[in-house]
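Engineer: Quick one: structure below, then a few questions.
2 protein chains.
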Amino acid sequence: MRSSLKDVAARAGVSVRTVSNVVNGSASVSEKTRARVQQALDELGYRPNLAARSLRAGRTGLIGLVIPEIHSPYFGELAGLLVEAAQRRSWTVIIDQTHGRADEERRLLKGTHAPIVDGLIISPWALDASELSEQAGPTPMVLLGERDPRRVADHVAVDNVLAADEATRHLLETGRRRIAAIGPQPELRNGTAEQRLAGYRRALHRAGLTPDPALEVPVPTLHRTAGARAMEELLDRGGPAPDAVFAFSDELALGIMRTARDRGVRVPEDLAVVGFDDIEDGRFSNPSLTTVSPDKAQIAERALQCLADRIYSPGGTVPPQRITVPHRLVVRESSRPAGNGSRSAAS
Amino acid sequence: MRSSLKDVAARAGVSVRTVSNVVNGSASVSEKTRARVQQALDELGYRPNLAARSLRAGRTGLIGLVIPEIHSPYFGELAGLLVEAAQRRSWTVIIDQTHGRADEERRLLKGTHAPIVDGLIISPWALDASELSEQAGPTPMVLLGERDPRRVADHVAVDNVLAADEATRHLLETGRRRIAAIGPQPELRNGTAEQRLAGYRRALHRAGLTPDPALEVPVPTLHRTAGARAMEELLDRGGPAPDAVFAFSDELALGIMRTARDRGVRVPEDLAVVGFDDIEDGRFSNPSLTTVSPDKAQIAERALQCLADRIYSPGGTVPPQRITVPHRLVVRESSRPAGNGSRSAAS
DNA sequence: GTGAAAGCGCTAACAT
DNA sequence: ATGTTAGCGCTTTCAC
């Protein structure tokens, strides 16, 4: 059995109050008693009971993170950064996966962990902002990658329209003209895909081109297989082939490159490819992948900052924050102008 | 403020005892009171306070998962599976990262979360079995991918020697003779790399070949960059080039293929490559990667089973379990015999 | 079938 | 500077 404050107090011949003070440094204790208590503490290997502490404090020190999938490269990386940012604030993270399903998102918001966490960070997929806010109780919440037009909660995201615009412009600048957009997700409610599509179209318009609906290929998920399949579809359709693709995620892009290879389409010579997320695989893929790189560390940091603000100022009436984090376009082999086959190592 | 049992009891005009019974179905309650209580429960949107429950029960319902990195493809996938297996048992998982550092492993075992979790699943990297058992307190613990010669705790792993043997034999069967092993980690204490090396050597011996120390290349980590660098080293050394590589992880293998490509070495024609872990990237890489595929779902399931056994039978004297989960060799493009350039989709 | 009350381990208000 | 104690919300023993 683990020893409690009472045990330590008995051993040191003092009251629990004093032991508590020593443990927390909350009041002044004479040097002599402190030493005696400390010794008892060590001898008994005292560890505070977190449940009791939480019960008293009304806080658990736990933060819920709700994402589609832990093992997705993008969310995995983000989760790792969030865990570390949380650690710096003495918080512990609980990760839940929704697999992009609306019912799971609902369940996780209301049910399973809602009562136990002090705050929630959620990357919504199937639910839109208004439903999110209905589902969530009074628990402070931060939305990731969600535009949230109604401003129901804090949210942290890159400027998806701008980023997609830049990616598309980059392809235009390397001389591409029939640029496909693979990644719209009509069934998705979180708005991200829409914004990327808007940015893509904006860039085309600016270049005097008219977006061709046949080049906008929707996908059911952002996984590699979905990208591979969408690319097959695009190639099988007949009509003039695209000379570039802007994929709404790196995973899609990797699937697209896989299909290109299977069909004898050379990347980047016949087809330039740009992705989104800057996952590690893209740095080592063949060819390496040009991509939009969001500042993930900053996403993690800012999200936790938002949560901290709300948790520590309970009655606060701070309006929902809308935070935009920086991104940059990382140009690699998959979009290099033909004939410029650089062999540099991954960057 | 969230409502408590007491609030509900007051509203329903019964005692807390009765409300508790309704919530937990723990004793028989008359149909009439049950209905009244249920109504009060709904009206107040009652949610049990987990901290209080834990304090009473002496359990938190939390399981700690200690892995090198969440965003590693292998551990990410495993973590996802563990989270789901835990969910099925009404447990919640807390994930911590060690980055493969000994001090972090120690800290996480003793310190931060040890007092709060009911059990610990750890994939040790820098600590060996005996130190692990010293560090951990009385908390039930399961080791992943660790041979644990001293049998200090339950552990779940594939048969690494056998798996490495099979991978090497596969390369021998496709006619390769100078097979390199990239992945030994002398600084690692968990034994995994050693076992894979042993299996590799055993296969060579069986084929009548003598392992060439120059073909065994140690690495500092199992990441892609480490693989890329090790391959560069191997090629720069001069001497006869290898015609195959057995990499101790898929990530290493992907890095190796990257270097091969940069150096104009064709895979699989000039160099066959086999990895370990069966991560998703390997299915979509170019060429797709032959690999040893551990049954990850079963690893997760069995690990939780071990924990459940110990947590629910506290005084139990069950000796530490040693569980071996199945694996299989998945042959893809990177090791196809030269001249058999199948273009089939990823499998 | 239901109520009263003790107690899990901790913190903090109140006392000395 | 330190002791005493109420009470956080819950489960459960004991009593009726």
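These protein sequences, in sequence, are chains Z and P. Read in order, the letters of the first sequence correspond to residues 20 to 366 in this note's numbering. Read in order, the letters of the second sequence correspond to residues 20 to 366 in this note's numbering. All C-beta atoms in this analysis are idealised placements derived from N, C-alpha and C, irrespective of residue type, glycine included.
Give the straight-line distance between the Cα atoms of residue 355 (chain P) and residue 306 (chain P), rounded to the nearest whole angstrom.
Structural biologist: Along the second sequence, one-based indexing puts residue 355 (chain P) at 336. Along the second sequence, one-based indexing puts residue 306 (chain P) at 287. Going by the C-alpha atoms only, they are around 10 Å apart.
Engineer: Would the beta-carbon of residue 348 (chain P) fall within 9 Å of that of residue 309 (chain P)?
Structural biologist: The count along the second sequence starts at 1 and reaches residue 348 (chain P) at position 329. The count along the second sequence starts at 1 and reaches residue 309 (chain P) at position 290. Against a cut-off of 9 Å, the Cβ pair of residue 309 (chain P) and residue 348 (chain P) comes out as a contact.
Engineer: From what residue to what residue does the beta strand (DSSP E) around residue 313 (chain P) run?
Structural biologist: Along the second sequence, one-based indexing puts residue 313 (chain P) at 294. Segment 309-313, the beta strand (DSSP E) holding residue 313 (chain P).
Engineer: Identify which residue in Z:46, Z:178, Z:298, Z:146 has its Cα closest to the Cα of residue 370 (chain Z).
Structural biologist: In the structure as shown, chain Z starts at 20 and stops at 366, and residue 370 (chain Z) therefore has no counterpart that could be examined.
Engineer: 9 Å is my cut-off, CB to CB: does residue 116 (chain Z) come that close to chain P?
Structural biologist: Stepping through the first sequence from its first residue, residue 116 (chain Z) is reached at position 97. Closer than 9 Å: yes.
Engineer: Spatial neighbours of residue 112 (chain P) within its chain, please: C-beta separation below 7 Å, excluding the five flanking residues on both sides.
Structural biologist: Position 93 of the second sequence holds residue 112 (chain P). The residues are 82, 84, 101, 102, 105.
Engineer: Write down every uninterrupted run of the beta strand (DSSP E) in the segment 286-311 of chain Z whose length is 3 residues or greater and which is fully enclosed by it, in chain order.
Structural biologist: 291-295
Engineer: Would you kindly work out how many angstroms separate the C-alpha atoms of residue 46 (chain Z) and residue 319 (chain Z), rounded to a whole number?
Structural biologist: Counted from its first residue, the first sequence places residue 46 (chain Z) at position 27. Counted from its first residue, the first sequence places residue 319 (chain Z) at position 300. Spanning the two alpha carbons is a distance of roughly 35 Å.
Engineer: DSSP three-state call for residue 202 (chain Z): helix, strand or coil?
Structural biologist: Reading the first sequence from its first residue, position 183 is the one you call residue 202 (chain Z). In the structure shown, residue 202 (chain Z) falls within a coil segment according to DSSP collapsed to helix, strand and coil.
Engineer: Identify whether residue 235 (chain Z) lies in helix, strand or coil by the three-state DSSP scheme.
Structural biologist: Counting from one through the first sequence, the residue named residue 235 (chain Z) turns up at place 216. In this structure, residue 235 (chain Z) counts as strand in the three-state DSSP scheme.
Engineer: Listed in chain order, which residues of the segment 286-298 of chain P have Cβ atoms closer than 8 Å to some Cβ of chain Z?
Structural biologist: none
Engineer: Is DSSP giving residue 63 (chain P) helix, strand or coil here?
Structural biologist: By one-based count along the second sequence, residue 63 (chain P) stands at place 44. In this structure, residue 63 (chain P) counts as helix in the three-state DSSP scheme.
Engineer: Below 9 Å between beta carbons is the criterion; list the residues of the segment 303-315 of chain Z that meet it against any residue of chain P, in chain order.
Structural biologist: 303, 304, 305, 306, 307
Engineer: So which residues of chain P does residue 88 (chain Z) contact, with C-beta pairs closer than 9 Å?
Structural biologist: For the purposes of this step, residue 88 (chain Z) is taken as residue 69 along the first sequence, with counting starting at 1. Per Cβ cutoff of 9 Å: 95, 99.
Engineer: Comparing C-alpha positions only, which one of P:41, P:139, P:97, P:207 sits nearest to residue 65 (chain P)?
Structural biologist: Counting from one through the second sequence, the residue named residue 65 (chain P) turns up at place 46. Among P:41, P:139, P:97, P:207, the Cα nearest to that of residue 65 (chain P) is on P:41.
Engineer: Beta strand (DSSP E) containing residue 275 (chain P): first to last residue?
Structural biologist: On the second sequence, position 256 is the one that residue 275 (chain P) refers to. Here residue 275 (chain P) belongs to no beta strand (DSSP E); instead the alpha helix (DSSP H) covers 269-281.
Engineer: With a floor of 4 residues, list each alpha helix (DSSP H) that falls wholly inside the segment 140-201 of chain P, ordered by position along the chain.
Structural biologist: Secondary structure in the segment 140-201 of chain P: the alpha helix (DSSP H) runs of 4 residues or longer, each lying completely within the stretch, are 148-154, 179-192 in chain order.
Engineer: Buried or exposed for residue 179 (chain P), going by 16 or more other Cβ atoms inside 10 Å?
Structural biologist: Here the question's residue 179 (chain P) lines up with position 160 in the second sequence. Residue burial annotation: residue 179 (chain P) is buried, with at least 16 other C-beta atoms found within 10 angstroms of its C-beta.
Engineer: Helix, strand or coil for residue 228 (chain Z)? Go by DSSP, reduced to three states.
Structural biologist: In the first sequence, counting from the first residue as 1, residue 228 (chain Z) sits at position 209. Three-state result, residue 228 (chain Z): coil.
Engineer: Within the 9 Å Cβ cut-off, does residue 103 (chain Z) reach chain P?
Structural biologist: Here residue 103 (chain Z) corresponds to residue number 84 of the first sequence, with the count starting at 1. Taking Cβ atoms only, chain P reaches closer than 9 Å to residue 103 (chain Z), which makes this a yes.
Engineer: Given that a residue counts as buried once 16 or more other Cβ atoms are within 10 Å of its Cβ, and exposed if not, what is residue 58 (chain Z)?
Structural biologist: Here the question's residue 58 (chain Z) lines up with position 39 in the first sequence. Residue 58 (chain Z) comes out exposed.
Engineer: Touch check for the segment 237-250 of chain P and the segment 277-286 of chain P: three-plus C-beta pairs under 8 Å?
Structural biologist: As far as the Cβ criterion goes, the segment 237-250 of chain P touches the segment 277-286 of chain P, which means the pair count is three or higher.
Engineer: Any C-beta of chain Z sitting closer than 9 Å to the C-beta of residue 112 (chain P)?
Structural biologist: Walking along the second sequence from the start, residue 112 (chain P) turns up at place 93. It does: the Cβ of residue 112 (chain P) has a partner Cβ on chain Z nearer than 9 Å.
Engineer: So, for residue 63 (chain P): in the same chain, excluding its five sequence neighbours on each side, which residues have a beta-carbon less than 8 Å away from its beta-carbon?
Structural biologist: Sequence index remark: in the second sequence, residue 63 (chain P) carries index 44 (1-based). Counting only Cβ-Cβ distances below 8 Å, and skipping sequence neighbours, we find 22, 26, 27, 30.
Engineer: Counting only beta-carbon atoms, is residue 353 (chain Z) nearer than 9 Å to chain P?
Structural biologist: Locating residue 353 (chain Z) in the first sequence gives position 334, where the first residue counts as 1. Not an interface residue.
Engineer: Give me the Cα-Cα distance between residue 227 (chain Z) and residue 142 (chain Z), rounded to the nearest whole angstrom.
Structural biologist: The residue you call residue 227 (chain Z) lines up with position 208 of the first sequence. The residue you call residue 142 (chain Z) lines up with position 123 of the first sequence. If I take the Cα positions, the gap works out to 35 Å.
Engineer: Is the beta carbon of residue 265 (chain P) closer than 9 Å to that of residue 187 (chain P)?
Structural biologist: Taking the first residue of the second sequence as position 1, residue 187 (chain P) is located at position 168. Taking the first residue of the second sequence as position 1, residue 265 (chain P) is located at position 246. For residue 187 (chain P) and residue 265 (chain P), yes; Cβs fall inside 9 Å.
Engineer: Is the Cβ of residue 277 (chain P) closer than 9 Å to any Cβ of chain Z?
Structural biologist: In the second sequence, counting from the first residue as 1, residue 277 (chain P) sits at position 258. For residue 277 (chain P), the nearest beta carbon of chain Z is closer than 9 Å to its own beta carbon.
Engineer: If you measure from the beta carbon of residue 37 (chain Z) to each beta carbon in chain P, is any gap under 9 Å?
Structural biologist: Here residue 37 (chain Z) corresponds to residue number 18 of the first sequence, with the count starting at 1. False, the Cβ-Cβ gap to chain P never drops below 9 Å.
Engineer: First and last residue of the beta strand (DSSP E) that includes residue 12 (chain P)?
Structural biologist: This structure cannot speak to residue 12 (chain P), because chain P is shown only from 20 to 366.
Engineer: State yes or no: is the beta carbon of residue 239 (chain P) nearer than 9 Å to at least one beta carbon in chain Z?
Structural biologist: To locate residue 239 (chain P), count along the second sequence from 1; it is residue 220. Not one chain Z Cβ lies under 9 Å of residue 239 (chain P).
Engineer: Which of the three DSSP states is assigned to residue 52 (chain Z) in this structure?
Structural biologist: Numbered from its first residue, the first sequence carries residue 52 (chain Z) at position 33. In this structure, residue 52 (chain Z) counts as helix in the three-state DSSP scheme.
Engineer: Against residue 254 (chain P), what residues of chain Z qualify as contacts under a CB-to-CB distance less than 8 Å, listed in chain order?
Structural biologist: Within the second sequence, the letter at position 235 stands for residue 254 (chain P). The premise fails here: residue 254 (chain P) is roughly 14 Å from chain Z at the closest Cβ pair, so nothing lies under 8 Å.
Engineer: From which residue to which residue does the alpha helix (DSSP H) around residue 37 (chain Z) run?
Structural biologist: Locating residue 37 (chain Z) in the first sequence gives position 18, counting from the first residue. Run containing residue 37 (chain Z): 35-43, per the alpha helix (DSSP H) assignment.
Engineer: For chain Z, is any of its Cβ atoms less than 9 Å away from the one on residue 151 (chain P)?
Structural biologist: Position 132 of the second sequence, counted from the first residue, corresponds to residue 151 (chain P). No, residue 151 (chain P) lies away from the interface with chain Z (no Cβ there is under 9 Å from its Cβ).
Engineer: With 7 Å as the limit, tell me which residues of the segment 21-33 of chain P have their beta carbon closer than that to any beta carbon of chain Z; keep them in chain order.
Structural biologist: none
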